[in-house]
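According to this note's numbering, the stretch in the sequence shown is residues 61 to 231, in order. Beta carbons are placed, not taken as given, at the ideal position from N, Cα and C, and that holds for glycine.
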Amino acid sequence: MNFIRILFRNLTQGPSTDPFPFGATFTPKGLRGRIAFDAARCSGCRMCEHVCAGGAIRFDPTPEGLQFTLWHNTCTFCGLCEHYCIPKAIHLTEDWHLAHRQEDKYRMIEQGTVAYQPCAECGVRFIPISAALVTRVYGAGTAAVARLGRLCPDCRRKRSAAGLNTTGEAK
Ligand code: SF4
Ligand code: SF4
């Protein structure tokens, strides 16, 4: 095909690529994009922070609870945080609209606070096991299991110890 024919074909058929950013484009299925965090599902285990090789995740204690911060500017979208999060409190979405100016890089964050709650027995404030985690571990669970999730670690240990007979087997 000579040059004139190619030029004529291109002029008549128009652009072959998407008009983005001046028009719409598509999102490939399964694309790893913006990270979403659901504080209500999180139990504050900090595994996501531990496995994040990019150092994009940090938890800070505040008077209200544990504050989660993720910097999209640092994230490599490897997906390890989602993979290791048992209650699925963190996941990668297919939203890739993350372009930003250099001066906005510290504002490209996802934040949430995993709130302290009072222990159902002693009243001490602690990060409870989330209902999502209880469900993942115990299935639908029972009222007793749900109550265990509302106990602080000390009260849970006391409950477990009280539930053992002299041979060490659970009653
Ligand atoms: S988001 Fe998941 S892995 Fe991270 S602290 Fe919460 S429960 Fe743990
Ligand atoms: S996707 Fe990877 S780099 Fe991004 S926050 Fe999760 S573990 Fe860190």
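Using C-beta distances below 8 Å, list every residue in its chain close to residue i, excluding the 5 sequence neighbours before and after it, in chain order.
i: residue 156; result: 87, 91, 93, 94
i: residue 228; result: Only weak support is given to the placement of residue 228: the predicted model assigns it a pLDDT of 39, under 50, and the value that follows is read from those uncertain coordinates. So the list is empty, once near-sequence residues are dropped.
Leaving out the 5 sequence neighbours to the left and right, which residues in its chain are closer than 6 Å to residue i when beta-carbon positions are compared?
i: residue 192; result: 101, 147
i: residue 174; result: 99, 102, 104, 125, 126, 187
i: residue 129; result: 118, 169, 171
i: residue 306; result: This structure does not reach residue 306, given that the chain is present from 61 up to 231, and the question cannot be answered.
i: residue 214; result: none
Just checking residue i against ligand 1 - is the residue's beta carbon closer than 7 Å to any of the ligand's heavy atoms?
i: residue 135; result: no
In the DSSP output, what is residue i paired with across the bridge?
i: residue 46; result: No statement about residue 46 is possible, as the shown extent of the chain runs from 61 to 231 and does not include it.
i: residue 143; result: According to DSSP, which records beta bridges pairwise, residue 143 is partnered with nothing at all.
i: residue 120; result: 127
i: residue 177; result: 186
i: residue 150; result: 97
Find the nearest neighbour of residue i within the set the options, judged by alpha-carbon distance.
i: residue 183; options: 173, 210, 205; result: 210
i: residue 177; options: 136, 104, 200; result: 104
i: residue 132; options: 114, 76, 149, 142; result: 114
i: residue 162; options: 67, 76, 134; result: 134
i: residue 149; options: 212, 172, 219; result: 172
i: residue 123; options: 185, 71, 143; result: 185
i: residue 136; options: 116, 121, 154; result: 116
i: residue 216; options: 190, 179, 202; result: 179
i: residue 143; options: 159, 110, 218, 195; result: 110
Excluding the 5 residues flanking residue i on each side, which residues of the same chain have their C-beta closer than 7 Å to its C-beta?
i: residue 106; result: 119
i: residue 139; result: 92, 152
i: residue 112; result: 140, 141
i: residue 62; result: none
i: residue 189; result: 103, 209
i: residue 198; result: 205
When every heavy atom of ligand 2 is checked, does at least one fall within less than 7 Å of the C-beta of residue i?
i: residue 169; result: no
i: residue 130; result: yes
i: residue 112; result: yes
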